[in-house]
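Residue numbers (our numbering): 400 to 819. The C-beta atom is built at its ideal place from N, Cα and C for all residues, glycine as well. A quick note: this is a predicted structure, and the numbers were derived from the prediction, not measured.
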Ligand code: GDP
Ligand code: IMO
Ligand code: MG
């Protein structure tokens, strides 16, 4: 019984939430292992939309939910997600690793202040304090979940951190801090008391369950947002590739089933190079038909064709065993569909994604064009019933990537899925 790790193969928003919800049905435990509430995952069941950013997307299947230490937690956001389900009669079965770090208000202020100072070089951060919470965590300044639930320790740690960060914000960024230490302490102490019952050791619980229970590890964001291997610095501040699951959860390296989630075209939110981007009517078509608006940021997502150079790199980093291809229905009606097969970089043709951002910025995409299809595909349940050109598109991706497509998502609804 291999655990499955779910990874976004592009710049996030591939439809991971929908696929986690689907697979959770036949699983016992869903573990969210990275990122924070900058992630936004939407699950749609019987026309009702369930937006999630911290609770694992297995919540609607009423599974055991774990949040591992790789996740940074905004306690107010987590509490409101828990409340949202409570009001619908779902009592979440949640365990949060005591080592997880807590996002404090000053992390958000630092995010806002540094983004403002970067001008046109800004990352396009959601300014939710994710990067600064990881900075504190990595530099051992963090307030961990076990500190949050202990008012005495919380007070001591907060007193040290708040004074330091206040000085930094006011003197370096000229940022006016108008919250008092006492107010923050009072608010966070209350969050801690409310969340206390969920504390545990996720690493140990996962370890005990390996081989006995079916586990899904839910990765947030996407491969190209990986803080080291993505389009740095236009990335998030955490690792998003499959191998990071071992250290973010805390269990030994072993064979996992790696499921890559690939949107049938490419989108990205925020700044940074995007070779396959379409700044034309087709780009607008994908944005509007695909309802490509950030779940959390509410920003329009930039859109472009599917990029095989990116996907080959994603496959090299993650080792996909199979893929879920999502939002294929969005392409219906286009007369032709293009796929990026290589880049023209400084007079050279390459199929390798550049490791240098400066080089990537100069790359021009080279396309292969495929015929489109016209009949709607959202109600289709069997692969063979998909239009011929639609199957050709899927099989071209499989051939170019040498990875099988196992799931085909043809609509936002939980039921709109084909298993190949
Ligand atoms: P995630 O961050 O990877 O979980 O993806 P998001 O939830 O942020 O964005 C994906 C969006 O597309 C959500 O609004 C989903 O409801 C929607 N979606 C998922 N799969 C499909 C699909 O196959 N077709 C369509 N039209 N929408 C989909
Ligand atoms: P899901 O899990 C899309 C992007 C932001 C921004 C950059 C840095 O829904 O796929 P940060 O707030 O981390 O400082 O932002 O990363 N970003 C995402 N884009 N989907 C996500 O997650 C993202 N998480 C971060 O838009 O450009
Ligand atoms: Mg999302």
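In the structure shown, residue 654 falls within a coil segment according to DSSP collapsed to helix, strand and coil. The shortest C-alpha to C-alpha distance from residue 682 to any of 548, 441 and 733 is the one to 733.
Around the CB of residue 746, fewer than 16 other CB atoms lie within 10 Å, so the residue is classed as exposed. Taking a contact as a CB-CB distance under 8 Å, the pair residue 637 and residue 409 does not count as one, their CB atoms being some 16 Å apart. Note on the segment 677-730: whole alpha helix (DSSP H) runs with a minimum of 4 residues are 680-688 and 707-717, in chain order. In this structure residue 605 touches residue 430 by the C-beta definition: roughly 6 Å separates them, less than 8 Å. Excluding five sequence positions before and after residue 454, the CB atoms of its chain that fall closer than 6 Å to its own CB belong to 480, given in chain order. In chain order, 663, 664, 685, 688 and 689 place their CB closer than 8 Å to the CB of residue 729, counting only its own chain and leaving out the 5 sequence neighbours on each side. The closest heavy atom of ligand 2 lies 7 Å or more from the beta carbon of residue 708. Across the structure, residue 471 and residue 500 are spaced so that their CA atoms are roughly 5 Å apart.
Taken through DSSP and simplified to helix, strand or coil, residue 741 comes out as strand. Taking 7 Å as the cut-off, one finds no heavy atom of ligand 1 near enough to the beta carbon of residue 564. Under the three-state reduction of DSSP output, residue 572 falls in the coil class, being neither helix nor strand. Counting along the chain, no alpha helix (DSSP H) covers residue 496; the unbroken beta strand (DSSP E) around it starts and ends at 492-496. Cβ neighbours of residue 706 within its own chain (closer than 6 Å, five residues either side excluded): 665, 675 and 739.
Between the segment 518-526 and the segment 562-582, the count of Cβ pairs shorter than 8 Å is below three; the stretches do not touch. Inclusion of residue 694 and residue 434 in the CB contact set at 8 Å is not warranted, their separation being larger than that value.
With fewer than three CB-CB distances shorter than 8 Å, the segment 473-487 does not count as touching the segment 639-655. The three-state reading of DSSP puts residue 437 in coil, since its state is none of H, G, I, E or B.
Relative to the non-hydrogen atoms of ligand 2, the Cβ of residue 600 never comes closer than 7 Å to any of them. With a contact defined as Cβ atoms closer than 8 Å, residue 762 and residue 753 qualify at about 7 Å.
For residue 516, the shortest separation between its Cβ and any heavy atom of ligand 2 does not lie below 7 Å.
As the crow flies, the alpha-carbon of residue 757 is around 15 Å from that of residue 627. With fewer than 16 neighbouring CB atoms inside 10 Å of its own CB, residue 775 falls in the exposed class.
The nearest non-hydrogen atom of ligand 3 is 7 Å or more from the C-beta of residue 420.
A check of alpha carbon separations from residue 800 across 787, 599 and 720 identifies 720 as the nearest.
The alpha carbon of residue 668 has as its nearest neighbour, out of 610, 696, 742 and 403, the alpha carbon of 696. In the assembly as shown, residue 624 is a buried residue. Its beta-carbon has 16 or more other beta-carbons within 10 Å. The closest CA to that of residue 814, considering only 748, 489, 779 and 788, is found on 779. Separation of the CB atoms of residue 618 and residue 407 is rounded to 7 Å, and the pair is thereby assigned contact status at 8 Å.
Within the segment 453-481, the beta strand (DSSP E) runs of at least 3 residues that lie entirely inside it are, in chain order, 463-466. If you ignore the 5 residues before and after residue 634, its C-beta comes within less than 7 Å of the C-beta of 624, 625 and 626, all in its own chain and listed in chain order.
Under the three-state reduction of DSSP, residue 777 is assigned to coil, being neither helix nor strand. Burial of residue 709 is indicated by the presence of at least 16 other C-beta atoms within 10 angstroms of its C-beta. In the DSSP assignment, no residue is bridged to residue 502.
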